[in-house]
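Taken in order, these protein sequences are the chains called X and D.
The letter at position 326 of the first sequence is residue 326 when you use the UniProt record's numbering, and the numbering goes up by one with no holes.
The letter at position 375 of the second sequence is residue 375 when you use the UniProt record's numbering, and the numbering goes up by one with no holes.
Ideal placement from N, C-alpha and C gives every residue a C-beta, glycine not left out.
2 protein chains.
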Amino acid sequence: MINFTPAERQIVLQLERLKRQAGSHSPSIFTLRQKLADVDIKVDACFLSNPYATELFIEYFNREILETGRMRDLMECYPSQNRVIAETLADFLRVDRRRIFIGNGAIEIIQAVIHNFARRKVIINIPTFSSYYEYVKPGVEVVFNLLKKEDHYELDVDEYISMVKSHQPDTIVLINPNNPNGAYTKVSAIQRILEELPFVEQVIVDESFIHFAYEDESYGLMSLSHLASRYPNLVVVKSMSKDFGVAGIRAGYGIMSPDRVETLLANGYLWNSNGLAEYFFRLYAREDFARRYEEVRIKYILENLQFISRLKQVEGIKVYPSMANFVLIELPAGIRSADFVAKLLITYGIYVRVCDDKIGLEGQFIRLASRSSIENDYILQSISACLDFSLVKELENEQVD
Amino acid sequence: MINFTPAERQIVLQLERLKRQAGSHSPSIFTLRQKLADVDIKVDACFLSNPYATELFIEYFNREILETGRMRDLMECYPSQNRVIAETLADFLRVDRRRIFIGNGAIEIIQAVIHNFARRKVIINIPTFSSYYEYVKPGVEVVFNLLKKEDHYELDVDEYISMVKSHQPDTIVLINPNNPNGAYTKVSAIQRILEELPFVEQVIVDESFIHFAYEDESYGLMSLSHLASRYPNLVVVKSMSKDFGVAGIRAGYGIMSPDRVETLLANGYLWNSNGLAEYFFRLYAREDFARRYEEVRIKYILENLQFISRLKQVEGIKVYPSMANFVLIELPAGIRSADFVAKLLITYGIYVRVCDDKIGLEGQFIRLASRSSIENDYILQSISACLDFSLVKELENEQVD
């Protein structure tokens with residue numbers, strides 16, 4: 001148990017209230033700064049992004065947009081239509097432009113695909129990102145495939161294939177690496193799923209965290225995008241907010257069969273990118289930018305590895321295997337995750353995600369993002385200190401009892 | 001007939017190709033600049049915005065975002081959720097926050113409302129903004145109410161009411177002022193429609209151009225928003241791109257019954273605003289900004305009035321009545337609108353919208369936006385010169401024939 005002073009207890013309650021208001025997501029850092037003015041937030045370890053890639057983007061943005069006075073154009077003029085932006089990505093992604101659907105953030109693509117194509121029964125592995133089941137339309141059945149704690153919440157591919165075969169859904173969802181635990185399923189294993197389950201009309205694979213995963217020490221970029229032409233039921237969803245830390249710009253894309261793109265565009269999504277998102281997409285597809293991004297992507301992966309291995313040495317917590325830029329951490333018995341997160345925030349200014357609301361987790365969990373190496377050092381020290389404090393308190397309480 | 005040199009003829013063909021690619025909308029100014037590098041575009045009179053309001057927004061943006069270094073936050077952090085932004089507008093709009101739905105541009109609200117609520121039969125006045133009928137889902141009937149040329153494409157309210165009564169649709173759409181002609185229906189007349197047609201489940205009133213309309217010489221802002229609590233079937237759609245010239249930011253809102261907002265938010269639209277849009281909405285609701293905006297709104301209305309009255313004096317064209325910031329112009333017999341628009345662009349650098357694709361217009365029409373007074377002077381001179389040239393050519397051709 002963590003003890004709080006009466007003033008701290010007020011902050012804990014306020015934090016819990018804000019969390020409830022944000023539904024199955026976390027309150028934004030803006031909201032926290034506004035509503036918890038007394039708390040000095042130093043590190044946002046709730047935000048799942050590569051800070052070095054953000055730096056790189058800002059460098060280009062400052063030089064090409066701010067310093068040239070192009071910012072006004074980006075705000076004033078209509079951005080290009082969906083198809084035009086899709087075309088700018090085609091060569092870079094090595095995907096036919098007719099397979100690319102541009103989204104106002106990945107969340108819009110999730111919504112569009114689930115609303116328009118998931119018509120009968122959806123199988124979703126849990127714990128996972130909640131929008132996939134929250135956006136399912138009334139009348140469509142949702143079947144949860146509970147990932148097992150004893151498997152570290154990793155996907156058992158053989159079991160999964162037979163489960164899907166027996167349920168005969170029209171849509172299945174795989175987030176790879178998964179959120180909130182970061183478990184990764186190899187490309188070959190997902191390809192086995194695709195081979196075995198051709199009757200599933202939509203195999204949605206969310207690769208929003210794939211830039212942080214790797215299968216060998218060249219750290220080459222993984223993705224299923226190139227398989228879209230082979231498997232007509234494959235739908236790849238990609239957020240740009242995680243790789244580049246540009247959540248405020250709202251940029252994502254989906255790779256899917258041309259008929260699905262046609263269906264969506266015939267009925268909407270015309271000007272769903274803003275001027276900044278269009279600039280971002282055009283930059284993302286440029287060779288000079290891509291080369292520099294690749295450097296900071298690998299630098300960040302290596303730092304993640306180090307961060308996770310040091311976290312695993314911290315006594316008292318269990319760190320689940322992750323190939324994303326975050327880890328799921330199980331707290332020692334007797335510590336409420338909401339209290340631990342509040343303590344980290346109040347005493348150390350570190351904002352971390354409580355995982356109480358994640359369906360499918362049993363125990364007290366937090367999700368911790370990897371930030372810059374300096375911030376990671378600070379996070380490690382603070383977590384250790386916070387645990388020592390909590391465990392000492394725990395001991396004291398036991399003695400009192 | 002307008003004659004072109006062979007080089008000009010190439011540009012005309014390219015322009016028509018770009019128009020076809022843009023579907024029922026206009027190619028963006030970006031696309032034009034990119035694909036027609038030889039043409040020097042001086043005035044975008046296709047773009048329907050108040051340039052003084054854009055100046056005002058940029059002034060605030062520069063001071064509060066650029067100069068304070070907050071731009072990075074706007075790009076990096078998740079914006080607030082839909083409900084949070086709705087709440088910031090409630091007091092300013094004098095509308096219950098539960099009635100406000102925030103959109104990624106008005107086009108997203110049109111799509112959301114038409115997709116989710118128009119289930120059986122939609123009546124749409126034409127000519128109008130095409131997305132209202134393009135986004136209707138398969139299986140839903142669309143009935144066009146053809147506005148009459150002899151009525152200057154203005155709505156005959158009594159005829160409309162009896163037409164709707166005989167068709168018994170679940171959804172009707174009114175754009176006020178209408179696009180592409182700017183015809184305005186008074187608030188009292190729309191209220192009569194609402195009173196007479198309570199059986200229509202959705203009365204969608206698109207007020208995207210309402211900031212330019214007025215009913216007396218105080219030029220007070222018109223809107224039906226405050227009537228939403230009285231008429232549960234009223235759905236008001238509002239773009240911010242026209243009043244403020246911030247189409248690249250993508251900001252719009254809808255006012256509708258709380259149960260409609262709940263239905264939409266239960267199923268998506270969580271983070272559909274970007275960081276810049278959130279800043280814009282918060283600014284829009286601020287008293288200091290609203291006061292200064294009101295000044296430039298009225299200044300622009302007065303200049304529009306002058307522009308339209310001078311246009312009416314130009315011989316050979318017919319200018320239709322408008323209460324928006326644009327006019328529909330019918331060209332003299334023998335001049336193709338596509339040629340006229342090309343001539344204006346190639347010789348004078350003025351970009352104007354062809355209206356060939358608007359269902360419901362018979363004749364050769366263009367839609368011309370009002371810009372700043374200096375630009376309007378230039379537009380007037382250029383149109384006159386272009387007409388003189390065309391008419392002289394016409395005369396020459398007749399003599400040759």
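{"Query": "Is it the case that the Cβ atoms of X:I161 and X:L197 are separated by a distance below 8 Å?", "Result": "yes"}
{"Query": "Using the beta-carbon count (16 or more within 10 Å), is D:F199 buried or exposed?", "Result": "exposed"}
{"Query": "Thinking C-alpha only, which one of D:I383, D:S372 and D:S24 is nearest D:N50?", "Result": "D:S372"}
{"Query": "For chain D, find out if any of its Cβ atoms is closer than 8 Å to the Cβ of X:T347; answer yes or no.", "Result": "no"}
{"Query": "Would you call the CB atoms of X:F281 and X:L56 closer than 8 Å?", "Result": "no"}
{"Query": "Using the beta-carbon of each residue, which ones in chain X are nearer than 9 Å to D:S384?", "Result": "In chain order: nothing, as chain X lies at least about 28 Å away."}
{"Query": "I believe X:P180 touches X:M323 by the beta-carbon criterion, under 8 Å. Please report the beta-carbon distance rounded to the nearest angstrom.", "Result": "Not a contact, Cβ separation roughly 13 Å."}
{"Query": "Determine the extent of the alpha helix (DSSP H) in which D:E278 is found, giving its start and end residues.", "Result": "G275 to Y284"}
{"Query": "Is D:E330 helix, strand or coil when you go by DSSP?", "Result": "strand"}
{"Query": "Could you give the residue range of the alpha helix (DSSP H) that holds D:T54?", "Result": "P51 to F61"}
{"Query": "Given a limit of 8 Å on CB to CB distance, which residues of the stretch 230–254 of chain X reach chain D?", "Result": "S241, G245, V246, A247, G248, I249 and R250"}
{"Query": "Closer than 8 Å by beta-carbon distance: list the chain D residues that pair up with X:Q111, in chain order.", "Result": "N267, G268 and Y269"}
{"Query": "Check the C-beta distance from X:A118 over to X:F101 and give it rounded, since I have them as a contact under 8 Å.", "Result": "That belief does not hold up - the Cβ atoms of X:A118 and X:F101 are roughly 16 Å apart, past 8 Å."}
{"Query": "Please classify X:Q313 as buried or exposed, where buried requires at least 16 neighbouring CB atoms within 10 angstroms.", "Result": "exposed"}
{"Query": "Would you mind sorting D:Q10 into buried or exposed? The rule is 16 or more other CB atoms within 10 Å of its CB.", "Result": "exposed"}
{"Query": "When the Cα of D:V12 is compared with those of D:F365, D:G105 and D:L345, which residue comes out closest?", "Result": "D:L345"}
{"Query": "For a contact meaning CB atoms closer than 9 Å, what does D:R98 contact in chain X?", "Result": "Residues of chain X passing the Cβ test: none, with the nearest at roughly 14 Å."}
{"Query": "Please report the distance separating the alpha-carbon of D:S218 from that of D:V157.", "Result": "25 Å"}
{"Query": "Alpha carbon to alpha carbon, how far is D:P127 from D:S370? Give it in angstroms, no decimals.", "Result": "20 Å"}
{"Query": "Using a Cβ-Cβ cut-off of less than 7 Å, give me the residues of the stretch 23–51 of chain D that come near chain X, in sequence order.", "Result": "S28, I29, F30 and T31"}
{"Query": "Run through DSSP, which three-state label would D:I109 get?", "Result": "helix"}
{"Query": "For chain X, is any of its Cβ atoms less than 8 Å away from the one on D:E108?", "Result": "yes"}
{"Query": "Kindly give me the distance between the Cβ atoms of X:G268 and X:K42, rounded to whole angstroms, as I take these residues to be in contact under 8 Å.", "Result": "Not a contact, Cβ separation roughly 42 Å."}
{"Query": "Along the chain, which unbroken stretches of the beta strand (DSSP E) at least 3 residues long are found entirely within the stretch 157–189 of chain D?", "Result": "171–175"}
{"Query": "Near D:S130, which residues of its chain fall below 7 Å by C-beta distance, leaving aside the five closest residues on each side in sequence?", "Result": "S24"}
{"Query": "Closer than 9 Å by beta-carbon distance: list the chain D residues that pair up with X:P79, in chain order.", "Result": "S28, F30, A247, G248 and R250"}
{"Query": "Mapping DSSP to helix, strand and coil, what is X:D401?", "Result": "Bear in mind that a pLDDT of 49 at X:D401, under 50, signals an unreliable position, so the model cannot answer this."}
{"Query": "Would you report the Cα separation of X:D96 and X:Y253, rounded to the nearest angstrom?", "Result": "13 Å"}
{"Query": "Who pairs with X:K318 in a beta bridge, going by DSSP?", "Result": "X:E330"}
{"Query": "Enumerated in chain order, which unbroken segments of the beta strand (DSSP E) with a length of 3 residues or greater are wholly contained in the stretch 337–376 of chain X?", "Result": "365–369"}
{"Query": "Using only CA atoms, which one of D:F47, D:E8 and D:A22 lies nearest to D:A37?", "Result": "D:E8"}
{"Query": "Is the stretch 288–296 of chain D close to the stretch 145–159 of chain D, with three or more CB pairs under 8 Å?", "Result": "no"}
{"Query": "Assuming X:G105 contacts X:R250 (C-beta within less than 8 Å), just tell me the rounded distance between them.", "Result": "4 Å"}
{"Query": "Quick one: does D:R72 have its CB under 8 Å from some CB of chain X?", "Result": "yes"}
{"Query": "By Cβ distance, which residues of its chain are closer than 7 Å to D:A45, with the 5 residues on each side in sequence left out?", "Result": "I350, Y351, V352, L368, A369, R371 and I379"}
{"Query": "Relative to the alpha-carbon of D:V296, which residue among D:F30, D:I204, D:L221 and D:S208 has its alpha-carbon at the smallest distance?", "Result": "D:L221"}
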